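To start, the structure itself, in structure tokens.
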Amino acid sequence: MSKVTCFLHLLQADIKRLFKVLPGIILAGLLILIGMATAAELISDKLYKPDAPDMFGIAFYIPADEDDVHVNIGIDLLGNMTTMKESLTLTRVDSVEEGREMVAKKEAFFFINIPENFFYDVFRDGDTPIEIVTFDTTTITAFMANELFLSFARYFRAAQSAIFAATDYMVAQGYTEDAYRNMIDVINLTFLDKALNKEAYTKRVLATDEGGYPIREHYMGVALLASVAFTAFLLFSVFQKMSGGTKVLLSTRGITRIHRFFANFITYIPAFMAAYLILAGALSVYLKRFHPAGIITFLPVALILSGIAALVTETGNSFIACLTYLIVILLLLYIGGGVFPNALLPTAIREFSAYLPGRYMIETTTRALIGGGL
Amino acid sequence: MLLNRFIVCSKRLLHSALYLSMLALIILLTVIYKNLPTSSKEADIRIALYFEDDSDAADRLAEALLNDNSVYKFHIADDKDSMIDELKAGRLECAYVIPDGFFTSYATGDYNNPILQYYIPASTLLASINEVMFSHILEITGADVLAGLYPEGERDAIVNGFSNYVQGENVFRLSDVTSGSFDYQSEPHRISLPVFEVTVVLAILAALLSQLIYMEDSERGIYIALSAKERISIRLLLAASSLLPLLAIGGICFLVTYGVTKKLLTLLLTVIIAAFCSILLSALMKKSTLYLRVLPLIVLFSIVITFVVTILY
């Protein structure tokens, strides 16, 4: 029997053994996929933990003698601002003491005490400051509140400057009272629109994409890759099941370790491709996104996985093979941004990841599963 | 007799290269952790700006934001991609891209050329930062906004009047009289290494391995003469001998890394649960070959669960 024939027989035997364990592999793969996809769902929204509080409670006091009509208009306008809707809750209190107590009990981050004649002074060059009471002036939140008030003051200054400038001009030009009032209304509405309607001039973009895909899809790609890769756990013992006598017989026919490596390598490819087909199908049903051409896209990943698995099979001990394979795949996933997104990895590892296949394997698997890429 | 058996089991495990590597890994992680330099973690809220617009208004906005003595620290980014990478790394609260012609669009009320505000799920101050940003933009473009409301020939006088009011201090004076010192600028920070997580995963692996040893011995007929009760005691002894050195070293490393915290109790509980589950699993599996196939899957799931729990809590 020639070396080639013997190699082909070896390959045939390997494929026969593969077919026997294929249902078990698929079952194990589905089990791993459920675990991995659940993990992906759980962590994709929780990777970034906020450092700052997302809502500020603010209490304020306005003395009874202030002009309630203007105060209420002001409060309504503030309530319509996005910042108020997203970050602030306003509570009007009946006394200064009540406001201070809310801060002391930490029911409000700040208490704004608007002194008597404040609004009167604003329009008449007075110098009465607002009092902002915080629980602790050294905390960052106190400074954030200050920042907000300064921003509101800037809007106010811009709008009032416009009114004053227009008034000066229109008085000098002798506008009629009706024309003057109409123009002031237009200016008021225009500047109010600019202050309230910032969202129209801003587009928010979530920046957590990885490899051109949103973070959830990226992690689904990682889950699929890991599930396909780890089905190899069940294959090591199958391909290592070769008695010493068989090995000696094969060596007399010229079949060396290298031939056995290649036979294993070739057999692992259909194993990984079959696992991909079933697992990607299951995940596609869950994601409601189908990309049949992904089977071709995934082929290079299957080749790399087969290479690693065939190398590890040569250890001869299935337990050592499993542990080595687990460590190698986890390292590839970590360095490739599969555990934490690339941007969250230390700089040295990020530089290094460009030279290892992990990142490309993850990107290719995600592309095979989802298609396209942003 | 039990003690003798325990010593034999321990000696056997301590001769295993894999077991020794596991202990060495925990020690190594702790040594690295202790030798990592502490760095100062800035509490400033950093925001990056990338200008595609090179108009005078863009320069004025950059100047206003950069010179703002604010808790929000704005800076100009040279490259859009690295700016977004920095945001994704969690070093920025958000990042702005100001498109070409934005200020003209804003002044004329054209909504089709918006500022892009990039953010991550941890960004919680987007609206507040936008207030700072747009309050400056309105001051800068206010003259153009106002001019747009008047016929061409009348604009100059209006624009000059607006600029005098908004920039001068004779009518509107914006004064920040905040008192109190801001001492939240920095805090000591050390990169955290997963000493606890690694100890938990290795404890599970050690517990599983101890039962694998029992199963292989049992299949060789070593315990054939022993009663069921004695076999259980052997199982327990093997679990204890594999877990105690790991728990001792892991515990010391834990205390060195984290100090006395409630997590130590979690570690202890995990070790006890791992011991009992591995005994139960090996009793159910019966054959070591089957157990060997399941073992890597259990280790894999332990790693995944530990990782997910760490991220979530």
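So the sequences go chain by chain: A and B. Under the numbering used here, the first residue of the first sequence is numbered 1, with each subsequent residue one higher. Under the numbering used here, the first residue of the second sequence is numbered 1001, with each subsequent residue one higher. Where a beta carbon is used, it is the ideal one built from N, C-alpha and C, also for glycine. Values in this document were obtained by computation on a predicted structure and should not be read as measured data.
Report task. Give me whichever residues DSSP pairs with E210 (chain A) in a beta bridge. Result -> A:Y213
Query raised in the report: Does the beta carbon of S1302 (chain B) sit closer than 8 Å to a beta carbon anywhere in chain A?
Result: no
Query - chain B residues whose Cβ lies nearer than 8 Å to that of E131 (chain A) - result: By Cβ distance, chain B contributes nothing, its closest Cβ being about 10 Å from E131 (chain A), past 8 Å.
Report task. Tell me whether the beta-carbon of I43 (chain A) lies closer than 8 Å to the beta-carbon of V1308 (chain B). Result -> yes
Requested in this report: Could I get the ranges of all uninterrupted alpha helix (DSSP H) runs contained in the stretch 160-242 of chain A, with 4 residues as the minimum, in chain order?
Outcome: 177-196, 215-230 and 233-240
Query raised in the report: Does R1293 (chain B) come within less than 8 Å of chain A when only Cβ atoms are used?
Result: yes
Query raised in the report: For L1013 (chain B), which residues from the same chain have a beta carbon less than 7 Å from its beta carbon, with the 5 sequence-adjacent residues on both sides left out?
Result: Y1019, S1241 and S1242
Query raised in the report: Should E1139 (chain B) and A158 (chain A) be called a contact, given that it needs their Cβ atoms to be closer than 8 Å?
Result: yes
**Report entry** Member of B:S1278, B:A1275, B:F1276 and B:I1249 whose CA lies at the smallest distance from the CA of L1264 (chain B)
**Finding:** B:I1249
Query raised in the report: Does any CB atom of chain A fall closer than 8 Å to the CB of A1122 (chain B)?
Result: yes
Query raised in the report: Quick one: what's got a C-beta closer than 7 Å to L1125 (chain B)'s C-beta in the same chain, skipping five residues either side?
Result: I1045 and E1093
Requested in this report: Quick one: using the 10 Å Cβ neighbour count with 16 as the cut-off for buried, is E147 (chain A) buried or exposed?
Outcome: buried
Requested in this report: Thinking D168 (chain A) and G1161 (chain B) are a contact (beta carbons under 8 Å), I'd like their distance in whole angstroms, please.
Outcome: 5 Å
Query raised in the report: Is F1182 (chain B) helix, strand or coil by DSSP?
Result: At F1182 (chain B) the pLDDT is 48, less than 50, meaning the model places this residue with poor confidence and gives no usable figure here.
Query raised in the report: For a contact meaning CB atoms closer than 8 Å, what does I187 (chain A) contact in chain B?
Result: L1146 and L1149
Query raised in the report: Among the residues of its own chain, which have a CB less than 8 Å from the CB of F1182 (chain B), if the five just before and after it don't count?
Result: Here the model assigns F1182 (chain B) a pLDDT of 48, short of 50, so the residue's position is not dependable, and the following value carries that caveat. The residues are V1071.
Query - Nearest residue (CA-CA) to L30 (chain A), options A:A263, A:F230, A:K203 and A:F236 - result: A:F230
Query raised in the report: So what does DSSP say about H259 (chain A), is it helix, strand or coil?
Result: helix
Query - Interface flag, F60 (chain A) vs chain B, CB-CB below 8 Å - result: no
Query - Among B:F1134, B:S1210, B:Y1111 and B:V1256, the one whose alpha carbon lies nearest that of L1236 (chain B) - result: B:S1210
Query raised in the report: What does DSSP give as the partner residues of I1232 (chain B) in its beta bridges?
Result: The partner list for I1232 (chain B) (beta bridge, DSSP) is empty, contrary to what the question assumes.
Query - Three-state class that DSSP yields for K1262 (chain B) in the structure shown - result: coil
Report task. Specify the secondary structure class of K46 (chain A) as computed by DSSP and reduced to three states. Result -> coil
Requested in this report: Reducing DSSP to helix, strand and coil, say where H376 (chain A) ends up.
Outcome: Residue 376 (chain A) is absent from the structure shown; chain A starts at 1 and stops at 374.
Query raised in the report: Out of B:L1149, B:A1057 and B:S1021, which has the shortest C-alpha to C-alpha gap to S1206 (chain B)?
Result: Checking the sequence shown, residue 1206 (chain B) turns out to be Ala, not Ser. For the residues B:L1149, B:A1057 and B:S1021, the minimum Cα distance to A1206 (chain B) belongs to B:S1021.
Query raised in the report: Given that V1166 (chain B) touches chain A, what residues does it touch there, using C-beta distances under 8 Å?
Result: R157, A158 and S161
**Report entry** L374 (chain A) - DSSP class collapsed to helix/strand/coil
**Finding:** Residue confidence is low: L374 (chain A) scores 44 on pLDDT, short of 50, so the model does not pin down where it sits. Its coordinate-derived value is still stated next. L374 (chain A) falls in the coil class under three-state DSSP.
Query raised in the report: So, do the stretch 217-234 of chain A and the stretch 355-372 of chain A have three or more beta carbon pairs nearer to each other than 8 Å?
Result: yes
Requested in this report: Check whether the Cβ atoms of F236 (chain A) and V312 (chain A) lie closer than 8 Å to each other.
Outcome: yes
Query raised in the report: Which first and last residues belong to the alpha helix (DSSP H) in which K1080 (chain B) is found?
Result: K1080 to K1088
Query raised in the report: What residues of chain B sit near L225 (chain A), judged by a beta carbon separation below 9 Å?
Result: Those do not exist, as L225 (chain A) stays about 13 Å from chain B at its closest Cβ, beyond 9 Å.
Query - For F1134 (chain B) and Y201 (chain A), the rounded distance between their alpha carbons - result: 9 Å
Requested in this report: Would you be able to state if there are at least three C-beta pairs under 8 Å between the stretch 1048-1065 of chain B and the stretch 1080-1095 of chain B?
Outcome: yes
Query raised in the report: Got a sec, what are the start and stop residues for the beta strand (DSSP E) N113 (chain A) sits in?
Result: F110 to N113
Query - Between the CA atoms of L1246 (chain B) and Y1184 (chain B) - distance to the nearest angstrom - result: Residue placement at Y1184 (chain B) cannot be trusted, given a pLDDT of 46 that sits under 50; what the coordinates show is reported in the next sentence. Cα-Cα distance, rounded: 40 Å.
Query raised in the report: Can you tell me where the beta strand (DSSP E) with Y1118 (chain B) in it begins and where it stops?
Result: I1115 to Y1119
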